[in-house]
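A.B. asks: Note that the numbering used here has the sequence shown beginning at 119, numbered continuously upward.
Sharing a structure with you now.
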Amino acid sequence: MKIYVVATIAWILLWSSAWTANAITFDLDEYDGKVYSNVLEQIRSNVEDPRLTYGGMYRVPVMRKPVIGDKYLSIDLETVQGTVSLGLNRENLYTAAYLAENNQKVFTAYYFSKQITPTELGKLFPKAAAIVEIKYGEDYQAIETKARVKSRIELGLGIQKLKFMMARVTGKAREENNEAKFLLLAIQVVSEAARFKYIEGLVRKNYPDDSASNDKVIQFEKNWSAISKAVYENAKDGVFTKAYDFGFGKVRQVKDLEMGLFMNVGGAKSSIESNVTDHDIAVV
C-alpha cells in the first residue's frame, strides 16, 4: 500500500507539472499547415487525461475533468498588428475570455461572466489593465445574433478570415459586431479544430482563400457531447455497436468521425487504480 501511494503521488506530480503551462503561441503571419496542426496538438496534450481511452481509440485523447493546475489556457494569436489572447477553459475548451489592446493602448480583458470570474481573469491575463463583461451570451446563437449573421457559415472559415477580424478587435475601439465575428472565427479555428480533425483539415485546405465552411462543420460542433457519449458507451475497438447519425450520414467506424479530442463524459472505465501496474510501482 505504501508503495502504491508513492506511485500515485509521483504520477500526480508528474502530470500536474505538465499541465500547469498555461500559454500556447500561434503566429498567424508565419502560417504553415504543419505549424497549425502542431498548435492544435499542443492544446490537446495540455488538456488530455492520459489515463482515459474511449471506444478503443487510443490515438484520440480524452479531456481531463477536473483539471490539475491552471483552470484556463491562454492561446496567444500573434500578427504584425498585435496579439489577441484567447482564454480557454481546460475542462471543455469553451472560450471564457480574450485579451486585446484597445484604441487607447490599454490591454483589456473581455469575458463571459458565466465562464470566468474577475479574479480568475486577473490570473489568466495579468497584463489586463481593464476588464469588460461580454453581455450577449457565449453560445453560438447569441454570438451569431450580435454578429448579424444567420449562420457562422456565412463568415467562411480559416486563418486569413481570422486575421482580418483580429485587426478589427486589436488597437481599435470595441465594436460588438466585429467582436462577435472575431469570436465566431476564433472559436472554430482553435477550439473546434482541436476537437475535430475534420475541421482542422478544412482550415488547412481552405488556406489562403478561407471561403468554404459547410453544414457538416455545424453538425460536428453541435454534437461533440453526443459523439463523445456514443463512443464512450457504445463503441469497442473503434466500432460502434450500432449505426449512428450525427447529421451527416450513418457511421459505424469511429475513425470516420475524424475526432481530435473527446469530451470527458465519464471516467469510471479507467482510473488511477486500474492503470497503475506492477511495473509502474516497481519503477517508483
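Using N, Cα and C, we set each Cβ at its ideal position, and we do this for glycine too.
Computed from a predicted structure; not experimentally measured.
How close, in whole Å, do the beta carbons of V287 and A218 come, if the pair is a contact with beta carbons under 8 Å?
C.D. replies: 5 Å
A.B. asks: In whole angstroms, give me the CA-to-CA distance for G255 and I234.
C.D. replies: 13 Å
A.B. asks: Are at least three pairs of beta-carbons, each pair with one atom in the region 201 to 216 and one in the region 288 to 301, less than 8 Å apart?
C.D. replies: Yes, the region 201 to 216 touches the region 288 to 301.
A.B. asks: What did DSSP end up calling R322 once you bin it into helix, strand or coil?
C.D. replies: Of the three classes helix, strand and coil, the one that applies to R322 here is helix, per DSSP.
A.B. asks: Per DSSP, which residues does N220 bridge with? Please list them.
C.D. replies: Note: N220 sits in a beta bridge opposite K290.
A.B. asks: Near S343, what residues of its chain come up, given a Cβ to Cβ distance below 6 Å and the 5 sequence neighbours on each side ignored?
C.D. replies: Excluding sequence neighbours, S343 sits near M381.
A.B. asks: Which one or two residues does DSSP pair with F380 in a beta bridge?
C.D. replies: V180
A.B. asks: Quick one: complete beta strand (DSSP E) runs, 3+ long, within the region 188 to 239?
C.D. replies: Counting whole runs of 3 or more residues, the region 188 to 239 contains the beta strand (DSSP E) stretches 190 to 197, 200 to 207, 213 to 219 and 225 to 229.
A.B. asks: Within the same chain, show all residues whose beta-carbon is closer than 6 Å to that of E209, passing over the 5 residues directly before and after it, in chain order.
C.D. replies: Excluding sequence neighbours, E209 sits near K183 and V185.
A.B. asks: Going by DSSP, what residues sit across from E166 in a beta bridge?
C.D. replies: M181
A.B. asks: Taking buried to mean at least 16 other C-beta atoms within 10 Å of its own C-beta, is A248 buried or exposed?
C.D. replies: exposed
A.B. asks: Opposite I249 in the DSSP bridges: which residues?
C.D. replies: Paired residue(s): A227.
A.B. asks: Kindly list the residues whose CB is nearer than 6 Å to the CB of T201, restricted to its own chain and excluding five residues on each side of it in sequence; keep chain order.
C.D. replies: D194
A.B. asks: Determine the extent of the alpha helix (DSSP H) in which Q259 is found, giving its start and end residues.
C.D. replies: Y258 to A265
A.B. asks: So, is P179 buried or exposed, given that buried needs 16 or more other C-beta atoms within 10 angstroms?
C.D. replies: buried
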